[in-house]
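Residues 211 to 360 in our numbering are what the sequence shown spells out, letter by letter.
Here is the structure we will look at.
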Amino acid sequence: MRTVIQRVKHASVTIDGRVKSTIGQGLLIFVGIEDVDNRDDLEWLAKKIAGLRIFDDEKGVMNLSVSDIGGEILVVSQFTLHAMVKKGNRPSYIRASKPDVAIPLYESFCDEMSLRLGREVQTGIFGACMEVELLNDGPVTIVIDTKKKE
């Protein structure tokens, strides 16, 4: 699993002109899933993200997690995170999982993030054409790939 995590002041997902989800201060998490991903990956990733100390404490030092600040989380599926661009100019998405594999893992990841946050996370709709709006805070953007744990 590969994620791009952005610390945001607010973020939202709009589908077909209707706002599906919106959050205030917290994390916007784009997640890409490939066939080799499994339950261990999503549990490790959820634990890592929930514990990320990327919010400022009273001294202005990034020392607090999303839970520590009472922040919110928006999770958006994004198969393009597994784009391969070695040949030519048209990305290949062959490593990205098809919906039959990706949807259950995506839903389980969202459930695990909710568990770790202590409340429900907001989501987009898997496979939908989404407009994602955000105000990046910092900016702080972090990439985590479960295949590069070590």
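The C-beta atom is built at its ideal place from N, Cα and C for all residues, glycine as well.
Treat the numbers as computed from the prediction; the structure is a model and nothing was measured.
For the options 225, 248 and 219, the alpha carbon positioned closest to that of residue 312 is the one of 248. No residue range can be given for residue 359, since it is assigned to no alpha helix (DSSP H) and is classified by DSSP as neither H nor E.
Ranked by Cα distance from residue 345, the options 277, 223 and 289 are led by 223.
In its chain, beyond the 5 residues on either side, 336 and 337 have a beta carbon closer than 8 Å to the beta carbon of residue 309. Within the segment 232–318, the complete alpha helix (DSSP H) runs of at least 4 residues fall at 249–261. With respect to the 8 Å criterion, residue 239 and residue 264 are not classified as neighbours on the basis of their beta carbons.
In the DSSP assignment, residue 341 is bridged to 224.
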